[in-house]
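For the sequence shown, my numbering gives the first residue as 1, with consecutive numbering after it.
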Amino acid sequence: MIYNYEKYRDKREKVLGVRKRGISFGMMVLIVSGVIILGLGGLAVPRAIAYLTTRNLDDAIYKMADSKAWSQEVVTLIANQPGVTRALTDNHDTRLVVTFNRNETGPEKFKNIFLTRRITADLLNRMDHRNRMSILKKEAEFEAL
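Here's what the structure looks like:
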């Protein structure tokens, strides 16, 4: 008579202590590594997307030479220029902050607009948009104290 492995499999596994409970080690490693990769991806991907959307943006800060308030007409005219993301004035309307794509436009074009409108405006600062946002964030933290 031939020994049948399948017939006595349960008894053999009980004697040898082979138990199949839960998930295997390989499956556990796969789950843990998947969670780690998804977690790191959840942290890194939004920062990478934010960088890619703002990498070409610059901010130009203007002030009128006679310290007058900026008219809304000039602000909307500059905001409607190609390559300009936004144009805002500060709390007292004395400074104009223009966020623009440096590959499409620049302060030279804004200067031409000011010359055609006969506005004497001084470029106070030109800086990277992300740098300006981080400075504003730090200033807001200090003001909260």
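All residues carry an ideal CB built from backbone N, CA and C; glycine is no exception.
For this session: Let me know the secondary structure DSSP gives L96 once reduced to three states.
Result: strand
Exercise. Does the stretch 48-59 come close enough to the stretch 88-96 that 3 or more CB-CB pairs lie under 8 angstroms?
Worked result: no
Exercise. Is there contact between the stretch 42-53 and the stretch 65-74, where contact requires at least three CB pairs shorter than 8 angstroms?
Worked result: no
Problem set entry | Residue of Q81, R118, Y3 and T116 minimising C-alpha distance to R102 | Q81
Exercise. Could you give the residue range of the beta strand (DSSP E) that holds K68?
Worked result: Looking at the DSSP string, K68 is not in any beta strand (DSSP E), and its letter there is neither H nor E.
Exercise. Is it true that the CB of F100 sits closer than 8 angstroms to the CB of G83?
Worked result: yes
For this session: Note down the Cα distance separating R12 from Y5, rounded to an integer number of angstroms.
Result: 9 angstroms
Exercise. Per DSSP, L123 forms a beta bridge with which residues?
Worked result: Y62
Exercise. If I135 sits next to I113, beta carbons under 8 angstroms apart, how far is it from one beta carbon to the other, in whole angstroms?
Worked result: No, I135 and I113 are not in contact; Cβ-Cβ is about 26 angstroms, not under 8 angstroms.
Exercise. Alpha carbon to alpha carbon, what distance is there between V32 and S24?
Worked result: 12 angstroms
Problem set entry | Rounded C-alpha distance that separates A140 from A121 | 27 angstroms
Problem set entry | Straight-line Cα distance separating I37 from M28 | 14 angstroms
Exercise. Roughly how far, in whole angstroms, is the beta-carbon of L124 from the beta-carbon of Y62, given that I think they are within contact range, below 8 angstroms?
Worked result: 7 angstroms
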